[in-house]
Each structure stands twice: as C-alpha cells, then as structure tokens.
Amino acid sequence: MVQAMPTPKIKILDEGDSVLNIWPVESGYNIAVRKKSGEVSVILVTLDENKFPRIQHTPNLSIEFKENDIEEVETTLTTANGVLKTRTF
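Quick note on my numbering: the sequence shown kicks off at 279 and runs consecutively.
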C-alpha cells in the first residue's frame with residue numbers, strides 16, 4: 279500500500295506578513311509575501327528529486343519603497359574581494 283505524502287508546511291512568514299499570491303513555475307512555486315512594512319518579497323520554493331519543497335534563498339526578489347522619489351534596481355553581490363553594489367535607474 280502506498281502512503282500519501284504529508285502536506286508540507288512552508289514557514290516563511292513573520293508576524294504581520296501575508297501571502298499575496300502563489301503561482302507555479304517550471305521548478306516549483308513562487309510565493310509573493312507582503313511584509314509588515316508593506317514591502318513585497320518573491321520567494322522561490324523548488325521541488326527536489328523526491329518532490330520535497332526547498333526554499334531557495336537566492337536570488338530572492340524584494341520590492342521595496344523608493345528613496346528620494348527615484349525608481350531603481352539595486353543588486354548587492356558579496357565576493358572574496360569584497361562587496362559589489364550596482365544600481366540601475
């Protein structure tokens with residue numbers, strides 16, 4: 279007899295956070311989370327070879343409030359040589 283896989287619990291919310299949307303992608307699911315601050319994070323949950331969910335912490339997409347009325351994309355990369363921060367407008 280084959281047993282059903284238990285329903286996984288994906289614990290990614292902090293107090294005050296809420297889920298805006300979940301949508302399937304080729305490798306698993308994207309989950310849009312509205313943070314208590316109002317900012318939004320998109321978190322990828324992939325399915326491994328046994329179909330168990332795995333939270334992919336990088337690269338997450340974080341949608342934040344703009345600073346000084348400027349819309350930009352900011353990316354920070356930490357390397358062995360230091361931190362590289364890029365901004366595009």
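Backbone N, C-alpha and C fix where the C-beta goes; we use that ideal spot for every residue, glycine too. Computed from a prediction, not measured in an experiment: that's the story for all the values here.
In the three-state DSSP reduction, Ile-290 falls in the coil class, being neither helix nor strand. Uninterrupted beta strand (DSSP E) stretches at least 3 residues long and entirely within the stretch 322-353 occur at 331-341, given in chain order. Ranking Ile-309, Leu-362, Asp-295 and Phe-367 by CA distance to the CA of Pro-331 puts Ile-309 first.
Scanning its chain for C-beta atoms nearer than 8 Å, with the 5 sequence neighbours on each side dropped, one finds around Leu-298 the residues Ala-310, Val-311, Arg-312 and Val-318, in chain order. Across the structure, Gln-281 and Glu-304 are spaced so that their CA atoms are roughly 26 Å apart.
Judged by their CB atoms, Val-320 and Gly-306 are not nearer to each other than the 7 Å cut-off. Using a Cβ distance threshold of 7 Å, Arg-365 and Glu-352 count as a contacting pair. The three-state reading of DSSP puts Lys-314 in coil, since its state is none of H, G, I, E or B.
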